[in-house]
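Novice: In our numbering, the protein residues as written are 1 to 219. Here a beta-carbon is modelled for each residue, glycine too, at the ideal position from N, C-alpha and C. This one's a predicted model, so the numbers in the text were calculated from it and none came from an experiment. What follows is a single structure, and I will ask about it in a moment.
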Ligand code: SF4
């Protein structure tokens, strides 16, 4: 589908349609070795700021074609949406609210990386009306984490869960993965037991897929 076709398709959306918006943040601090997502490592803030400016322009483009239709779902994926600063996130939500009708928003979901999640970001998500958060965890055994290039202690995940709950973000999902290199069934059982003790609303279990070009998915 080219640009003209996509624009025509947006313009033909029925006036009473309920719209779902997906915002992709294609940056992470480091790239996990198993990752198959569309993302890049960003140690500096400049590329992220440039990308945010592009998203502002994209919101205007899409809103012009769609009209100010009602949006019932927003999902932020990546990459790592919480690589945005709290200000960048809240300004983008303000922009969405300016260009779309968000008064009947049912679900506002964000994927986060517990390793870089902050109290400021938890407060910002809560103030922005986010009502579902999923945490990328995969496996909590250190020997597996070293092989996949993503080391995060269980305490780091628990801290992120606590920050969310302290800011009234109660709908929490935790993403796990089976079939990782060096991961045994016992490792998976231990991970599930640790995560279950954190009492998330749901656990999503994904199968590992070796993507061409990855060093060792889902974020
Ligand atoms: S797995 Fe998640 S955090 Fe790791 S590089 Fe991929 S998108 Fe980023």
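(1) Comparing C-alpha positions only, which one of 35, 107, 117 sits nearest to residue 84?
(2) Taking 7 Å as the cut-off, is the C-beta of residue 80 nearer than that to any heavy atom in the ligand SF4?
(3) With DSSP collapsed to three states, give me the class of residue 183.
(4) With DSSP as the reference, label residue 78 as helix, strand or coil.
(5) Should residue 219 go down as buried or exposed, given a rule of 16 or more other Cβ atoms within 10 Å for buried?
(6) Beta carbon of residue 137, beta carbon of residue 62: below 8 Å?
(7) Pairs of beta-carbons, one from the stretch 117-131 and one from the stretch 187-201, closer than 8 Å: are there three or more?
(8) Any chance the stretch 95-110 sits against the stretch 64-74, with 3 or more Cβ pairs inside 8 Å?
(9) Can you tell me whether residue 78 is buried or exposed? The criterion is at least 16 other CB atoms within 10 Å of its CB, across all chains shown.
Specialist: Let me spell this out:
(1) 117
(2) yes
(3) coil
(4) strand
(5) In this prediction, residue 219 has a pLDDT of 48, which is less than 50 and means its spatial position is unreliable; nothing more can be read from the coordinates.
(6) no
(7) no
(8) yes
(9) buried
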